[in-house]
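Colleague: The sequence shown lines up with residues 39 to 460 when you count with my numbering. Glycine included, C-beta positions come from ideal geometry on N, C-alpha and C. First the structure, then my questions, so here it is.
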Amino acid sequence: MKRVLLVIGGGIAAYKCLDLIRRLQERRIAVRCVMTGAAQAFITPLAVGAISNERVATDLFDLEGEREIGHIRMARETDLIVVAPATADLLARMAHGHADDLATAVLLATRVPVLVAPAMNPAMWDHPATRRNVARLEADGIAFIGPNAGEMAEKGEAGVGRMAEVSELVARIENLLTPGAGGKGEIGFLSISAAKGARPLLAGRHVLVTSGPTHEPIDPVRYIANRSSGKQGHAIAAAAHRLGARVTLISGPVQIPVPEGVEVRHVETASEMLDAVEAALPADIAVLAAAVADWRAAEPQRGKIKKRPDAPPPALALAENPDILATIAKPGPQRPPLVIGFAAETQDVIGSAKAKRTAKAADWIVANDVSEARHVFGAERNTVHLLTADNVESWPELSKAEIAEALLRRAAQHLAARRETA
Ligand code: CTP
39 MKRVLLVIGG GIAAYKCLDL IRRLQERRIA VRCVMTGAAQ AFITPLAVGA
89 ISNERVATDL FDLEGEREIG HIRMARETDL IVVAPATADL LARMAHGHAD
139 DLATAVLLAT RVPVLVAPAM NPAMWDHPAT RRNVARLEAD GIAFIGPNAG
189 EMAEKGEAGV GRMAEVSELV ARIENLLTPG AGGKGEIGFL SISAAKGARP
239 LLAGRHVLVT SGPTHEPIDP VRYIANRSSG KQGHAIAAAA HRLGARVTLI
289 SGPVQIPVPE GVEVRHVETA SEMLDAVEAA LPADIAVLAA AVADWRAAEP
339 QRGKIKKRPD APPPALALAE NPDILATIAK PGPQRPPLVI GFAAETQDVI
389 GSAKAKRTAK AADWIVANDV SEARHVFGAE RNTVHLLTAD NVESWPELSK
439 AEIAEALLRR AAQHLAARRE TA
């Protein structure tokens, strides 16, 4: 049996929770409830307890309650936390990590996915403070449903602010509790559709992405290449567009379509790629996912090199290509505030990627193991590590689209935090 912890906030829509509890129980989902102080002004713990068949928790400092099940256990011994209705004040306190009552303490202590159903007056929902709080919570991986447009409790007022309907909530909760349906445990990493009316996380940002291999000509018919499919870089461009950014994709020769809504420049060689990258600056985020050839033919021939039966095979002299990542990560006025590189390694993945991050002056490196056994090239899924200046995070196996989305959400969060401390 799946378990939901329902945190009931203080809004007129709290009465809908009584119906929500029933509908979830009908679907064999156990519901335990926490009520904020304000929620108790709208419905009583007695009513909620009677319907849920469980003692309702209301107080962080309730000795008996803490003995029965402490707030930490309550936060963890559930499959999903649903906050409904989430008031502007509750969202603000969640966004700032408050923990001064049972509801916020549970929300701060939890490691399970959280779904929030906001409900408030449209002016409060539209206020820049609420916009900021919602964006912050989204970047933290919190999922939102609603609010919907419609009539408000206040007579004569209408707009976006009504809590999502119980049927919508039930459908979403069932979906989140179903593994593989965008559900359980994945929320921290994945896109859950943005709250209606919320400003997209990367709105107003320019994201520059390189993708695919480069082809370095030897003569008009032959070239040096590598196995990159471009899937990861293109997924990053697509995710950046979905999150509201203006996207420039600099793509080497690939067999996959250009993602919708993305401006693309097609290039062949590393030096063309570098020129295109420099021409596309300035950017807020640069994600250099291309597998750039390290070397090119030192003297590409204009005519096709002929095979001569009486002569040994021709020697191929190589010259080093420019390092695009190292070039644009160099300090300077055009340096994007966040430069992210990739590291494809076969040995000592994290150690080598750390060294690469420092050597190339990248802010972050996404490291992956490309040893043959792992079949990364052309595959749909991958297991990566995100290396930042002071941290190494090992992510679970995800699809390339999921990695793209998670990476860009992290990037958006990073830029928002930078702006705040600037
Ligand atoms: N990169 C680049 N320009 C190059 C080579 C690499 O911009 N000429 C970028 C890639 O896009 C990637 C990162 O640098 O973001 C790491 O590339 P990788 O091929 O793993 O590392 P190399 O620098 O080539 O080192 P090595 O092959 O020795 O591991």
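1. Might you give, ordered along the chain, the residues of its own chain that have their beta carbon closer than 7 Å to the beta carbon of Gly-315, omitting 5 neighbours on each side?
2. Looking at the secondary structure, which residues open and close the alpha helix (DSSP H) in which Met-132 lies?
3. For Pro-434, name the three-state secondary structure that DSSP assigns.
4. What residue range is occupied by the uninterrupted alpha helix (DSSP H) comprising Pro-160?
5. Taking only the alpha-carbon atoms, compute the straight-line gap between Leu-228 and Val-377 and give it to the nearest angstrom.
6. Report all residues from its chain with a CB closer than 6 Å to the CB of Val-300; omit the five preceding and five following residues, and keep chain order.
7. Keeping to the same chain, check which residues put their C-beta closer than 6 Å to that of Asp-401; ignore five residues upstream and five downstream.
8. Check whether the segment 248-268 and the segment 320-337 are in contact - that is, three or more C-beta pairs closer than 8 Å.
9. Three-state secondary structure (DSSP) at Leu-43?
10. Which residue marks the beginning of the beta strand (DSSP E) containing Gly-15, and which one marks its end?
11. Short check: CB of Pro-151 to CB of Phe-182, under 8 Å?
12. Buried or exposed for Lys-342, going by 16 or more other Cβ atoms inside 10 Å?
13. Would you mind listing the beta strand (DSSP E) stretches within the segment 327-401 that are 3+ residues and don't spill past its ends, in chain order?
14. I'd like to know whether the C-beta atoms of His-244 and Asp-322 end up nearer to each other than 8 Å.
15. Kindly indicate which three-state DSSP category Asp-57 falls into: helix, strand or coil?
16. Do Ala-79 and Met-201 have their beta-carbon atoms positioned less than 8 Å apart in this structure?
17. Whole angstroms is fine: what's the gap from Arg-111's alpha carbon to Trp-433's?
18. As a quick exercise: from Val-42, Gly-370, Asp-164, Ala-405, pick the residue whose alpha carbon is nearest that of Arg-114.
19. Can you give, in chain order, each stretch of the beta strand (DSSP E) that sits fully within the segment 280-312 and has at least 3 residues?
20. Grab me the residues of Glu-195's own chain with a C-beta within less than 6 Å of its C-beta, minus the 5 sequence neighbours each way, in chain order.
21. Beta-carbon within less than 8 Å of His-452's beta-carbon, same chain only, minus the 5 sequence neighbours each way: which residues are those?
22. Take Val-302 and list the residues in its own chain whose beta-carbon comes closer than 7 Å to its own, dropping the five residues that flank it on each side.
Modeller: Here's the rundown:
1. One detail in the question is off: residue 315 reads as Val in this sequence, not Gly. So the list reads Leu-246, Thr-248, Ile-288, Ile-362, Ile-366, once near-sequence residues are dropped.
2. 126-133
3. coil
4. 160-164
5. Interpretation of Leu-228 is limited by its pLDDT of 42, a score under 50 that renders its predicted location unreliable; the figure taken from the coordinates is listed afterwards. Straight-line Cα distance between these residues: approximately 22 Å.
6. Ala-275, His-279, Val-285, Leu-287
7. Leu-376, Val-377
8. yes
9. strand
10. The structure shown does not extend to residue 15, since the chain is modelled only from 39 through 460, so no value can be given for it.
11. no
12. exposed
13. 333-335, 356-358, 376-383
14. yes
15. helix
16. no
17. 25 Å
18. Val-42
19. 284-289, 301-304
20. none
21. Leu-376
22. Leu-287, Ser-289, Val-296
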